[in-house]
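K.L.:
Just passing along the structure, written as structure tokens.
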Ligand SMILES: [Zn+2]
């Protein structure tokens with residue numbers, strides 16, 4: 027029995043604005059799905075090179091640290107395919123260049139299911155969720171999936187390079203204000219905590235991380251009588 031209504035043979039692609047967003051948003055679910063043998067890859071759009079207040083930290087050094095943190099976090103939840111697009115932190119825009127690269131990646135990995143942040147989350151209640159890179163990536167990923175990736179008339183030069191149209195079947199949006207899918211991550215909560223621990227450079231309150239994760243994802247699970255859960259808005263894409 028696969029969570030989220032999946033068969034277990036789907037290919038999964040997670041598209042994350044920064045290193046660590048995937049681990050806050052969905053790495054418990056990823057740990058479960060990879061344990062169930064699913065084929066999962068990560069695309070990380072920036073390497074988080076502005077994620078510091080240390081005046082002596084150079085952007086390229088921080089980018090290297092954060093890529094390594096993300097690779098280790100991915101390995102903990104069973105994911106070895108991690109691609110960094112290396113856009114500059116804080117400068118993502120839902121423009122042609124970004125969408126073309128996303129379409130190229132979608133046509134490369136040919137996922138059945140994509141996980142990304144919810145473009146409908148425009149409440150600005152939580153500064154972390156509403157970060158510009160999160161908003162822009164959420165929109166760009168949706169636009170790249172529908173209709174661009176499945177339509178040969180978008181980015182026609184990609185056809186010449188061998189990137190044939192690929193239609194994604196559904197999206198699981200995380201960081202969503204209107205979830206319709208809850209995944210029980212009780213068996214994966216330790217893996218999620220360990221994955222988040224890898225992002226040490228971003229954890230000002232590292233000592234309280236485990237307590238925060240247990241409280242936060244315990245709260246998500248409570249209304250569905252799960253000890254710990256991650257929630258998503260699942261959307262079928264018509265073809
Ligand atoms: Zn982020």
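Residue numbers (my numbering): 27 to 265. Beta carbons: idealized from backbone N, C-alpha and C, even for Gly.
In chain order, what are the residue ranges of uninterrupted beta strand (DSSP E) at least 3 long that sit wholly in the region 39 to 75?
P.N.:
If we require 3 residues or more, the beta strand (DSSP E) runs fully inside the region 39 to 75 come out as 65 to 72.
K.L.:
Please return the same chain residues whose Cβ sits closer than 6 Å to the Cβ of residue 160, not counting the five positions on each side in sequence.
P.N.:
Result list for residue 160: 43, 143, in chain order.
K.L.:
At what residues does the beta strand (DSSP E) containing residue 107 begin and finish?
P.N.:
Residues 107 to 113.
K.L.:
Quick check: does the Cβ of residue 173 come within less than 8 Å of any heavy atom belonging to ligand 2?
P.N.:
As presented, the structure is devoid of ligand 2, carrying ligand 1 as its sole ligands.
K.L.:
Using DSSP bridges, identify the partner residues of residue 143.
P.N.:
Its beta-bridge partners are 200.
K.L.:
Among the candidates 225, 60, 130, whose CA atom is the shortest distance from the CA of residue 111?
P.N.:
That would be 130, whose Cα lies nearest to the Cα of residue 111.
K.L.:
Hey, could you find the ends of the alpha helix (DSSP H) residue 321 is sitting in?
P.N.:
Any answer about residue 321 is impossible in this case: the structure gives the chain only from 27 up to 265.
K.L.:
Taking the straight line between their C-alpha atoms, what separation do you get for residue 46 and residue 233?
P.N.:
Near 17 Å, if we compare the C-alpha coordinates of residue 233 and residue 46.
K.L.:
If we ignore side chains and look at the alpha-carbon of each, how far apart do residue 66 and residue 149 end up?
P.N.:
One C-alpha to the other measures close to 30 Å.
K.L.:
Where does residue 230 land, buried or exposed, given buried means 16+ other C-beta within 10 angstroms?
P.N.:
Exposed.
K.L.:
Return the CA-CA distance between residue 222 and residue 30, expressed in angstroms with no decimal places.
P.N.:
Approximately 22 Å between the Cα atoms of the pair.
K.L.:
Specify the secondary structure class of residue 169 as computed by DSSP and reduced to three states.
P.N.:
Reduced to three states, the DSSP call for residue 169 is helix.
K.L.:
Any heavy atom of ligand 1 within a distance shorter than 8 Å of the CB on residue 265?
P.N.:
Not so, every heavy atom of ligand 1 lies at least 8 Å from the Cβ.
K.L.:
Can you look up residue 162 in the DSSP assignment and give me helix, strand or coil?
P.N.:
DSSP places residue 162 in helix when its eight states are reduced to three.
K.L.:
How far does the alpha helix (DSSP H) with residue 99 in it reach, from first residue to last?
P.N.:
From DSSP, the alpha helix (DSSP H) with residue 99 extends over 85 to 102.
K.L.:
What span of residues does the beta strand (DSSP E) with residue 123 cover, start to end?
P.N.:
No beta strand (DSSP E) holds residue 123; the alpha helix (DSSP H) holding it covers 122 to 135.
K.L.:
Helix or strand or just coil, what does DSSP make of residue 209?
P.N.:
Strand.
K.L.:
Considering Cα atoms alone, identify which of 219, 74, 177 is closest to residue 93.
P.N.:
Minimum Cα distance to residue 93 is reached at 74.
K.L.:
Using the Cβ count rule (16 or more neighbours within 10 Å means buried), how would you classify residue 63?
P.N.:
When all chains shown are included, residue 63 counts as exposed.
K.L.:
Between which two residues does the alpha helix (DSSP H) containing residue 221 stretch?
P.N.:
Element bounds for residue 221: 215 to 223.
K.L.:
Could you spell out where the alpha helix (DSSP H) holding residue 32 opens and where it closes?
P.N.:
Segment: none, residue 32 is in no alpha helix (DSSP H) and carries neither H nor E.
K.L.:
Count the C-beta pairs between the region 209 to 228 and the region 165 to 185 that are closer than 8 Å, then say yes if the count reaches three, no if not.
P.N.:
Verdict: no, contact absent.
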